[in-house]
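Written out below as structure tokens is the structure these notes cover.
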Amino acid sequence: MEPEPSAPSTVLAKSKIEKPKKADFRQRAHCNPLCDWGDCYPASPDHVDWSVHFPSFFEGSLERLQLNTAENPIEYLGVVPDARNGKAGTHKVRFLDVGCGFGGLLMALSLKFPDKLMLGMEIREQVTNYVGKRIQAMRQGAEGSPSHHNVSVIRTNAMKFLPNYFRKGQLEKMFFCFPDPHFKRKNARRRIISHGLLSVYAYVMAPDGLLYHATDVKDLHEWMDTACEEHPLFRRVPLEELEGDACIEAVTSETEEAKRVKNLGRFGHDVYLSVFRRIAPLSDGDGR
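So, in structure tokens, the structure goes:
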């Protein structure tokens, strides 16, 4: 008697799900954030359908890759129902990684804060595609059980379009990890943290929200510190007060750049980290 064919192995099926390889998504390390931006962006937060990015949190949503890239485009066609655009309901993006790179921080924080929706914004086309496919593979069970349903990524220019995506007082944490230092004096206006941009960040951050910035360039660290210290809506938080903060460990060890700096540590390379709290002026109420 011939043996009956066995059912396909779940383990075997999962083994066929491969994570993307960085080598297939190579691109220049930096882009000019001040150049003309002709790509698609929403007219306002009312036009953003978050169910596309976090389908597991919205009933009836389908898993599909929409990253605002040429390969995986998004169309912002009109106002989205309040339950899906963050105006109503409980499912709102609370953590934002600006310039998320290859997504190391997002992947780590996703597991540490499984109930928080978090988004990465990245200006580079191919890097965004890589992160999106990396998240997709994890959701499909590339490393066992499906995971990382609470994290997503969008290609956009955060210096220009942040208020087009987020409402006043929405974000609890913002991360700026190893941004382009733009060493030349004439390019300082391209830096992701400045007095003017901090006012935008303060608008989308909730009172008591935390802004983390990290770099291995001392001059840039001092620049960002000075900008934050001089802004009336931010106050430094001593790192000793944040002992046990899981985000500190993730920022300094889980990003691709942090790992690079760690490997170079024997040559005197350090990670400079600061955290600032978004404070509420008396006229701002609770800021929500």
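Quick note on my numbering: the sequence shown kicks off at 48 and runs consecutively.
Every residue gets a Cβ at the ideal spot worked out from N, C-alpha and C, and that includes glycine.
Would you identify the three-state DSSP class for C224, choosing helix, strand or coil? On the sequence shown, position 177 is the one that residue 224 refers to. Three-state result, C224: strand.
Go ahead and pull the three-state DSSP assignment for T302. As a position in the sequence shown, residue 302 is number 255, starting the count at 1. In this structure, T302 counts as coil in the three-state DSSP scheme.
So if DSSP puts M168 in a beta bridge, which residue, or which two residues, is it bridged to? Indexing the sequence shown from 1 puts residue 168 at position 121. DSSP, once it has assigned bridges, lists V145, I201 as partnering M168.
Contact between the segment 185-203 and the segment 158-165 is defined here as three or more beta-carbon pairs at a separation below 8 Å; is this criterion met? yes
Is it right to say E219 is buried, meaning 16 or more other beta carbons lie within 10 angstroms of its own, or is it exposed? For this step, residue 219 is matched to residue 172 along the sequence shown. So E219 ends up on the buried side.
How long is the line joining the alpha carbons of H94 and P210, rounded to whole angstroms? Position 47 of the sequence shown holds residue 94. Position 163 of the sequence shown holds residue 210. Each residue's Cα considered, the two are about 12 Å apart.
How do the segment 244-251 and the segment 173-186 stand: do at least 3 beta-carbon pairs fall below 8 Å, yes or no? no
To test your reading of the DSSP string, which unbroken beta strand (DSSP E) runs of 3 or more residues are found completely within the segment 223-290? 252-262, 281-283
Report yes if the CB atom of L166 is closer than 8 Å to the CB atom of E301, and no otherwise. Here residue 166 refers to the residue found at position 119 when the sequence shown is read from its first residue. Here residue 301 refers to the residue found at position 254 when the sequence shown is read from its first residue. No; because the gap between Cβ atoms is not below 8 Å, this pair is not in contact.
By DSSP, does L124 sit in helix, in strand, or in coil? Counting from 1 along the sequence shown, the entry for residue 124 is found at position 77. L124: coil per DSSP, three-state reduction.
Spatial neighbours of V264 within its chain, please: CB distance less than 6 Å, with the 5 preceding and 5 following residues excluded, ordered by chain position. On the sequence shown, residue 264 is found 217 positions in, with the first residue counted as 1. So the qualifying residues of the chain are P228.
Three-state class that DSSP yields for E118 in the structure shown: Locating residue 118 in the sequence shown gives position 71, counting from the first residue. Correct three-state label for E118: coil.
Per DSSP, the bridge partner or partners of L320: The residue you call residue 320 lines up with position 273 of the sequence shown. L320 pairs with A261.
Whole-angstrom C-beta distance between L320 and A261, which should lie under 8 Å: Position 214 of the sequence shown holds residue 261. Position 273 of the sequence shown holds residue 320. So it is a contact: roughly 5 Å between Cβ atoms.
Which class does L218 belong to by DSSP, given the choice of helix, strand or coil? Your numbering for residue 218 matches position 171 in the sequence shown. In this structure, L218 counts as strand in the three-state DSSP scheme.
Limits of the alpha helix (DSSP H) - the one that A130 falls within: Locating residue 130 in the sequence shown gives position 83, counting from the first residue. Segment 129-132, the alpha helix (DSSP H) holding A130.
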